[in-house]
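**Student:** Numbering (the working numbering), first residue to last: 499 to 700.
Built from N, CA and C at the ideal position, the CB exists for glycine as well.
Bear in mind that the values here come from a model prediction, so they are computed numbers and not experimental data.
1. Determine whether the beta carbon atoms of residue 621 and residue 672 lie at a separation below 8 Å.
2. Am I right that residue 583 and residue 662 are in contact with their C-beta atoms under 8 Å? What's the rounded C-beta distance?
3. Any chance the region 558-568 sits against the region 602-620, with 3 or more Cβ pairs inside 8 Å?
4. Whether or not the region 635-651 and the region 547-560 are in contact is what I'm after, with contact meaning three or more pairs of Cβ atoms, one per stretch, closer than 8 Å; do they touch?
5. Going by other Cβ atoms of all chains shown within 10 Å of its Cβ, with 16 needed for buried, is residue 526 buried or exposed?
6. Is it buried or exposed, residue 646, if we count other Cβ atoms within 10 angstroms and call 16 or more buried?
7. What are the complete beta strand (DSSP E) segments, minimum 3 residues, inside the region 588-642?
8. Assuming residue 690 and residue 591 form a contact by the criterion Cβ under 8 Å, report the distance between their Cβ atoms to the nearest whole angstrom.
9. Tell me the DSSP secondary structure of residue 674 in three-state form.
10. For residue 609, tell me which candidate among 576, 593, 568 and 619 has the shortest Cα-Cα distance.
11. Excluding the five sequence neighbours on either side, which residues of its own chain have a C-beta within less than 7 Å of the C-beta of residue 627, listed in chain order?
12. On the DSSP bridge assignment, give the partners of residue 554 in chain order.
13. With 16 as the cutoff for other CB atoms within 10 Å, does residue 694 come out buried or exposed?
14. Looking at the unbroken beta strand (DSSP E) that takes in residue 579, where does it start and where does it end?
15. Can you give me the Cβ contacts of residue 574 inside the same chain, cut-off strictly under 8 Å, excluding the 5 residues immediately before and after it?
16. Between which two residues does the beta strand (DSSP E) carrying residue 646 extend?
17. Roughly how many whole angstroms lie between the Cα atoms of residue 580 and residue 643?
18. Does the Cβ of residue 615 have 16 or more other Cβ atoms within 10 Å, making it buried, or fewer, making it exposed?
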């Protein structure tokens with residue numbers, strides 16, 4: 499089962515108020531679930547935050563991580579969790595029983611996120627709609643009767659678990675400053691990469 503860090507995180511899903519996490523309708527996301535399948539819905543927004551298109555997919559086999567920050571939708575489309583990156587080189591986390599490439603650890607954790615959601619709900623700008631690799635922010639709906647019923651943002655969870663860190667612009671500022679609190683959870687708990695001093699010093 500996917501590990502979940504319990505935290506209060508007020509953040510934006512994109513760099514515009516129109517795509518903020520506060521306006522995510524969790525009941526709507528849950529309503530998209532279909533028996534025996536993982537449903538994937540991508541909504542496309544214009545600059546004013548208006549939905550201009552929506553694409554839906556369903557898979558019995560689920561979806562596969564193809565990199566630390568990317569997962570494949572179909573043979574033509576890959577969704578990219580933008581503004582995040584793995585640490586560089588190798589890492590060791592004894593509590594996680596992991597020693598190896600930072601990228602391998604991050605991709606493994608993304609695959610865990612993709613393994614069991616009933617629904618994957620993503621948002622992207624309309625400019626991404628026809629790209630082979632589309633920048634998006636994504637949420638998963640996880641339901642285990644009697645134990646778990648939650649909608650979690652992929653990026654927040656992966657940062658909180660120390661699987662990924664925030665990427666920086668050339669000027670040193672974060673690409674996704676809205677997710678800084680999630681990264682701080684990972685650092686404070688020495689989760690994932692943050693258990694390795696080499697990652698901390700990068």
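**Tutor:** On the basis of the coordinates in this document:
1. Position 123 of the chain shown holds residue 621. Position 174 of the chain shown holds residue 672. Cβ atoms of residue 621 and residue 672: not closer than 8 Å.
2. Taking the first residue of the chain shown as 1, we reach residue 583 at position 85. Taking the first residue of the chain shown as 1, we reach residue 662 at position 164. With a Cβ gap of about 6 Å, residue 583 and residue 662 count as contacting.
3. Under the Cβ criterion (8 Å, minimum of three pairs), the region 558-568 counts as touching the region 602-620.
4. no
5. Here residue 526 refers to the residue found at position 28 when the chain shown is read from its first residue. The residue in question, residue 526, is exposed, as its Cβ has fewer than 16 Cβ neighbours within 10 Å.
6. In the chain shown, residue 646 corresponds to position 148, counting from 1. Per the 10 Å Cβ criterion, exposed.
7. 588-591, 596-599, 617-623 and 631-642
8. Position 192 of the chain shown, counted from the first residue, corresponds to residue 690. Position 93 of the chain shown, counted from the first residue, corresponds to residue 591. Rounded, the Cβ-Cβ distance is 6 Å, consistent with contact.
9. Within the chain shown, numbered from 1, the residue matching residue 674 stands at position 176. DSSP places residue 674 in coil when its eight states are reduced to three.
10. Counting from one through the chain shown, the residue named residue 609 turns up at place 111. When 576, 593, 568 and 619 are compared, the shortest CA-CA separation from residue 609 is found for 568.
11. The residue given as residue 627 occupies position 129 in the chain shown. The answer, listed in chain order, is 542 and 551.
12. As a working mapping, residue 554 is identified with position 56 in the chain shown. DSSP lists 539 as the beta-bridge partner residues of residue 554.
13. Locating residue 694 in the chain shown gives position 196, counting from the first residue. Under this definition residue 694 is a buried residue.
14. In the chain shown, the residue the question calls residue 579 occupies position 81. Unbroken beta strand (DSSP E) run through residue 579: 576-579.
15. By 1-based counting over the chain shown, the position of residue 574 is 76. Within the same chain, residue 574 has close Cβ partners 630.
16. Position 148 of the chain shown, counting from 1, holds the residue named residue 646. From DSSP, the beta strand (DSSP E) with residue 646 extends over 646-651.
17. Locating residue 580 in the chain shown gives position 82, where the first residue counts as 1. Locating residue 643 in the chain shown gives position 145, where the first residue counts as 1. Each residue's alpha carbon lies about 32 Å from the other.
18. On the chain shown, position 117 is the one that residue 615 refers to. Of the other Cβ atoms in all chains shown, 16 or more fall within 10 Å of the Cβ of residue 615; this residue is therefore buried.
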